[in-house]
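Chains A and B are the protein sequences, given in the same order.
First residue of the first sequence? That's 1 in our numbering, and the numbers climb one at a time after it.
First residue of the second sequence? That's 408 in our numbering, and the numbers climb one at a time after it.
Just so you know, even glycine gets a beta-carbon here, dropped at the ideal spot from N, CA and C.
Computed from a predicted model, the values in this text were never measured in an experiment.
Some notes on the structure that comes next.
2 protein chains.
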Amino acid sequence: MDAAELDGNDPLADKRSCFEIPEGVIYLDGNSLGMLPKSVSARVSHVVSREWGGSLIKGWNDHDWIGLPGRVGDKIAALIGAPAGSVIVADSTSLNLVKVLSAALSMRPERKVILSDTGNFPTDLYMAQGLISTLDKGHELRLVEPEDVASAIDETVAVLMLTEVDYRIGRRHNMPELTSAAQDVDILTIWDLAHSAGALPVDVTASKADFAIGCGYKYLNGGPGAPAFVYVRPDHLRGFEPSLSGWMGHAEPFAFDLEYRPANGIDRMLVGTPAILALSALDAALDVWEDVEIGDVRRKSKQMGDLFIKEVEARCAGYSLGLFSPRDATKRGSQVSFRCPDGYAVMQALIANGVVGDFRAPDIIRFGFTPLYLKYAEIVQAAEILERVLGQKLWQDPRYQKKAKVT
Amino acid sequence: MDAAELDGNDPLADKRSCFEIPEGVIYLDGNSLGMLPKSVSARVSHVVSREWGGSLIKGWNDHDWIGLPGRVGDKIAALIGAPAGSVIVADSTSLNLVKVLSAALSMRPERKVILSDTGNFPTDLYMAQGLISTLDKGHELRLVEPEDVASAIDETVAVLMLTEVDYRIGRRHNMPELTSAAQDVDILTIWDLAHSAGALPVDVTASKADFAIGCGYKYLNGGPGAPAFVYVRPDHLRGFEPSLSGWMGHAEPFAFDLEYRPANGIDRMLVGTPAILALSALDAALDVWEDVEIGDVRRKSKQMGDLFIKEVEARCAGYSLGLFSPRDATKRGSQVSFRCPDGYAVMQALIANGVVGDFRAPDIIRFGFTPLYLKYAEIVQAAEILERVLGQKLWQDPRYQKKAKVT
Numbered sequence: 001m002d003a004a005e006l007d008g009n010d011p012l013a014d015k016r017s018c019f020e021i022p023e024g025v026i027y028l029d030g031n032s033l034g035m036l037p038k039s040v041s042a043r044v045s046h047v048v049s050r051e052w053g054g055s056l057i058k059g060w061n062d063h064d065w066i067g068l069p070g071r072v073g074d075k076i077a078a079l080i081g082a083p084a085g086s087v088i089v090a091d092s093t094s095l096n097l098v099k100v101l102s103a104a105l106s107m108r109p110e111r112k113v114i115l116s117d118t119g120n121f122p123t124d125l126y127m128a129q130g131l132i133s134t135l136d137k138g139h140e141l142r143l144v145e146p147e148d149v150a151s152a153i154d155e156t157v158a159v160l161m162l163t164e165v166d167y168r169i170g171r172r173h174n175m176p177e178l179t180s181a182a183q184d185v186d187i188l189t190i191w192d193l194a195h196s197a198g199a200l201p202v203d204v205t206a207s208k209a210d211f212a213i214g215c216g217y218k219y220l221n222g223g224p225g226a227p228a229f230v231y232v233r234p235d236h237l238r239g240f241e242p243s244l245s246g247w248m249g250h251a252e253p254f255a256f257d258l259e260y261r262p263a264n265g266i267d268r269m270l271v272g273t274p275a276i277l278a279l280s281a282l283d284a285a286l287d288v289w290e291d292v293e294i295g296d297v298r299r300k301s302k303q304m305g306d307l308f309i310k311e312v313e314a315r316c317a318g319y320s321l322g323l324f325s326p327r328d329a330t331k332r333g334s335q336v337s338f339r340c341p342d343g344y345a346v347m348q349a350l351i352a353n354g355v356v357g358d359f360r361a362p363d364i365i366r367f368g369f370t371p372l373y374l375k376y377a378e379i380v381q382a383a384e385i386l387e388r389v390l391g392q393k394l395w396q397d398p399r400y401q402k403k404a405k406v407t
Numbered sequence: 408m409d410a411a412e413l414d415g416n417d418p419l420a421d422k423r424s425c426f427e428i429p430e431g432v433i434y435l436d437g438n439s440l441g442m443l444p445k446s447v448s449a450r451v452s453h454v455v456s457r458e459w460g461g462s463l464i465k466g467w468n469d470h471d472w473i474g475l476p477g478r479v480g481d482k483i484a485a486l487i488g489a490p491a492g493s494v495i496v497a498d499s500t501s502l503n504l505v506k507v508l509s510a511a512l513s514m515r516p517e518r519k520v521i522l523s524d525t526g527n528f529p530t531d532l533y534m535a536q537g538l539i540s541t542l543d544k545g546h547e548l549r550l551v552e553p554e555d556v557a558s559a560i561d562e563t564v565a566v567l568m569l570t571e572v573d574y575r576i577g578r579r580h581n582m583p584e585l586t587s588a589a590q591d592v593d594i595l596t597i598w599d600l601a602h603s604a605g606a607l608p609v610d611v612t613a614s615k616a617d618f619a620i621g622c623g624y625k626y627l628n629g630g631p632g633a634p635a636f637v638y639v640r641p642d643h644l645r646g647f648e649p650s651l652s653g654w655m656g657h658a659e660p661f662a663f664d665l666e667y668r669p670a671n672g673i674d675r676m677l678v679g680t681p682a683i684l685a686l687s688a689l690d691a692a693l694d695v696w697e698d699v700e701i702g703d704v705r706r707k708s709k710q711m712g713d714l715f716i717k718e719v720e721a722r723c724a725g726y727s728l729g730l731f732s733p734r735d736a737t738k739r740g741s742q743v744s745f746r747c748p749d750g751y752a753v754m755q756a757l758i759a760n761g762v763v764g765d766f767r768a769p770d771i772i773r774f775g776f777t778p779l780y781l782k783y784a785e786i787v788q789a790a791e792i793l794e795r796v797l798g799q800k801l802w803q804d805p806r807y808q809k810k811a812k813v814t
């Protein structure tokens, strides 16, 4: 099928109308920041003007702001195979990582190794490094190459901490298999689903993952810096005392006791006062998913990746682009990356010509596929524009050489 | 002067027009959640629709989202006597507390006592308790009565951790004196300015405070769950490694190194991706302060408190209300609390009759004075309505007995 036929048969085609799509932009960076769902502007505006402006302090009860982290959590739970009441939305992915990592380490006091891989997103590694220094008990962050994770699993490991889909290469770990192998030797598992939730089917219950975290602003379209989520397998909830023990995680926050006592449920992963404006934006953004089959999303995402690879390789054979992502779509998340000399400038030229992807050091150009708002025709167009940028050497323009603060 | 004269001579009178004031509400709870500044709705709407919706990922550079935590921090720095570049806005007050507390403890490894008082806001105590458990090095959280803090300062103490203005009673600690007494014996000081910033003159530079934190949604009017601020005295910045070591605190976040290296400046107190929608709301809210003299705010706040006490005591003498806050306005923050039997129901009845304060367990009714948007006439009216609620026993209505989730 060609792109037009694929678009004609796309069960998700009508979802595109749920998003604000800027004119002249082919947006292949929803893996970095999702597009704006149309429902969000009105909701945020309502929350600011009516709920905050009108109800003021009464908003906590009258609009159940206090329950918002759990309500938004339940919407995400439905996307990752988690039961209601097991996911909460708060803080950032980095902070949620340290919450579950400190919990997991406290549950395996006799073991000192955190096993992760060099493809993990750096902030997860940084947070682990900070926690190791803080604990000062001789823990080790053992980093192996992604393909060596399975063979590095042994009884010295306390926690296996992985991101399911590699942020640069798009390589997808086998979450059920690695979880099972880890649990065979009593290792606790933490899965960062930043590039998974909303992009592909995840089932934390079936895979028996112990802990999971993830991002609100990529495939979940919650807006820049949206709050993140955290999942704790329900049988673990009473197994640890939160290290970041804030009042919103207290069993009775409004008793104002002098002693911390954690809430029984997933609320114990809360710390400070919920960020109501940001949570409301994410809450509205998640309504887009109500009638979406995640299987349809995955099918379209794989086809889009395959189509992009085929088109790029056919058009750009002479330009020393190298496919960096797995060619096998089942082993990929929802993105395709190429190694590309002068990749930074090439990406700037692409953006200037209407194709928004992003660059990751040292030489990676990265394209994300978000099936809710992309058309197959755009994938072909994007490859055409890449061909033009390379063929006409548009990237050599000095404007595209200068690095911005954020890449 | 009577209320009308006071209002007539009020240099802050025109600031009221910068806020959305709901009809029929006398809002004496800006110490819990500030009112909505008119500038916020348009700004948030713009950030959602134009910046996020229009610029998408390019917003990080094109709108300098990445610099927003520091820009908003600089606005708050001006309100607390901190130099530019020494305050950053991120996360919650609770999380910022644990960032600076772990830093401070690491700078005094030979000492094991965190000194605080029983009037500190519970979440600060909870965070300290969680950190003590996590560190597992025999630290002690030593709580004394607020009036005993000065005499409890000795060489065993590593960190003096106090909230300047008590959230319930409104009692104000002498920040310069206690800081100086602590530093005389080499104690590091952490000041929680949640009930100070925007309410009274604070000068972290003159008082030589080591660390400070505070809240964005009280007197700074940033909206429910607004991000919080953190100040580190510039000479301390290189003195510790952040324990919550996220990518936004990295010296080069977009190098995606596998090893954490903290940024040189206050950026090292950042952790995850900045919450752009919430930061933008706070940023717009802070514009209200541009031409405000904090001395005017303090003068009006003290006069409002004095006026309220006088009016309430004159009108409600027969109803066993007891002034809980210091009578001396110089020893008070910007609030007045009374102990009041059946205080919860009394407050519900007050709210139903248009006077919004709040209740704090076990029996405290609390009234905050926010000089930017309150009129003296409202203070007198509020006392009249309290007199009516008590005199006509309006609080006995069964509707007012039932406790809400959030009090």
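Closer than 7 Å at the beta carbon, the chain B residues around residue i
i: A/Met35; result: Leu463
i: A/Val40; result: Val455
i: A/Glu241; result: Ser540
i: A/Thr370; result: Going along chain B, no residue has its Cβ under 7 Å from A/Thr370, so there is no contact; the nearest lies around 11 Å.
Beta strand (DSSP E) segment containing residue i, residue limits
i: A/Gly368; result: Ile364 to Gly368
i: B/Ser523; result: Val520 to Asp524
Through-space distance from residue j to residue i, alpha-carbon basis
i: A/Phe254; j: A/Lys38; result: 36 Å
i: B/Glu700; j: B/Leu508; result: 32 Å
i: A/Gly464; j: A/Tyr219; result: Any property of residue 464 of chain A remains undetermined from this structure, which presents chain A solely from 1 to 407.
i: A/Gln335; j: A/Thr118; result: 18 Å
i: A/Ser325; j: A/Met304; result: 14 Å
i: A/Ala329; j: A/Lys302; result: 6 Å
i: A/Ile365; j: A/Arg168; result: 9 Å
i: A/Phe369; j: B/Lys519; result: 52 Å
i: A/Val355; j: A/Ile76; result: 29 Å
i: A/Asp203; j: A/Ile80; result: 5 Å
i: B/Ser448; j: B/Asp617; result: 36 Å
Contacts that residue i makes with chain A (C-beta to C-beta distance below 8 Å)
i: B/Arg767; result: Phe256
i: B/Ser741; result: Going along chain A, no residue has its Cβ under 8 Å from B/Ser741, so there is no contact; the nearest lies around 16 Å.
Chain B residues whose Cβ lies nearer than 9 Å to that of residue i
i: A/Asp287; result: Result: empty, since nearest Cβ-Cβ is about 15 Å, beyond 9 Å.
i: A/Ala284; result: Ordered by position in chain B, no residue passes the 9 Å Cβ test against A/Ala284, which lies about 10 Å from the chain.
Buried or exposed by the 16-neighbour rule on C-beta atoms within 10 Å, applied to residue i
i: B/Gly656; result: buried
i: B/Arg767; result: buried
i: A/Asp136; result: exposed
i: B/Lys810; result: exposed
i: A/Met35; result: buried
i: B/Arg545; result: Note on residue identity: the sequence assigns Gly, not Arg, to residue 545 of chain B. Exposed.
i: B/Glu785; result: buried
i: B/Gly537; result: buried
i: B/Pro769; result: exposed
i: B/Asn628; result: buried
Delimiting residues of the alpha helix (DSSP H) encompassing residue i
i: B/Ala688; result: Ile683 to Leu693
i: A/Ile294; result: Ile294 to Arg315
i: B/Arg450; result: Lys445 to His453
i: A/Val149; result: Val149 to Ala152
Beta-carbon neighbours of residue i, restricted to chain A and to distances below 7 Å
i: B/His657; result: Tyr126
i: B/Glu467; result: Correcting the residue identity first, residue 467 of chain B is Trp in this sequence and not Glu. Result: Val406.
i: B/Val505; result: Leu244
Contacts of residue i in chain A (Cβ-Cβ under 9 Å)
i: B/Val551; result: Here the premise fails: no neighbours, minimum Cβ distance about 12 Å.
i: B/Leu502; result: Asp91, Leu95, Leu244, Gly246, Val271 and Gly272
i: B/Ala604; result: Residues of chain A passing the Cβ test: none, with the nearest at roughly 16 Å.
Within chain C, partners of residue i - CB distance below 8 Å
i: B/Gln536; result: Considering every chain present, this structure includes no chain C. Its protein chains are A and B.
Chain-ordered neighbours of residue i on chain B, where CB pairs are closer than 8 Å
i: A/Val44; result: Val451, Ser452, Val455 and Leu684
Could you tell me whether the segment 261-278 of chain A touches the segment 235-247 of chain A, using the rule of 3 or more Cβ pairs below 8 Å?
Contact between the segment 261-278 of chain A and the segment 235-247 of chain A is present: 3 or more CB-CB pairs across the two stretches fall below 8 Å.
Three or more beta-carbon pairs under 8 Å between the segment 467-483 of chain B and the segment 679-696 of chain B, yes or no?
Taking 8 Å as the limit for Cβ pairs, the verdict is that the segment 679-696 of chain B does touch the segment 467-483 of chain B.
The segment 492-503 of chain B contacting the segment 637-646 of chain B, beta-carbon criterion three pairs below 8 Å:
Yes, they touch.
So does the segment 796-813 of chain B actually touch the segment 747-755 of chain B, counting three or more Cβ pairs closer than 8 Å?
Counting Cβ pairs under 8 Å, three or more are found: they touch.
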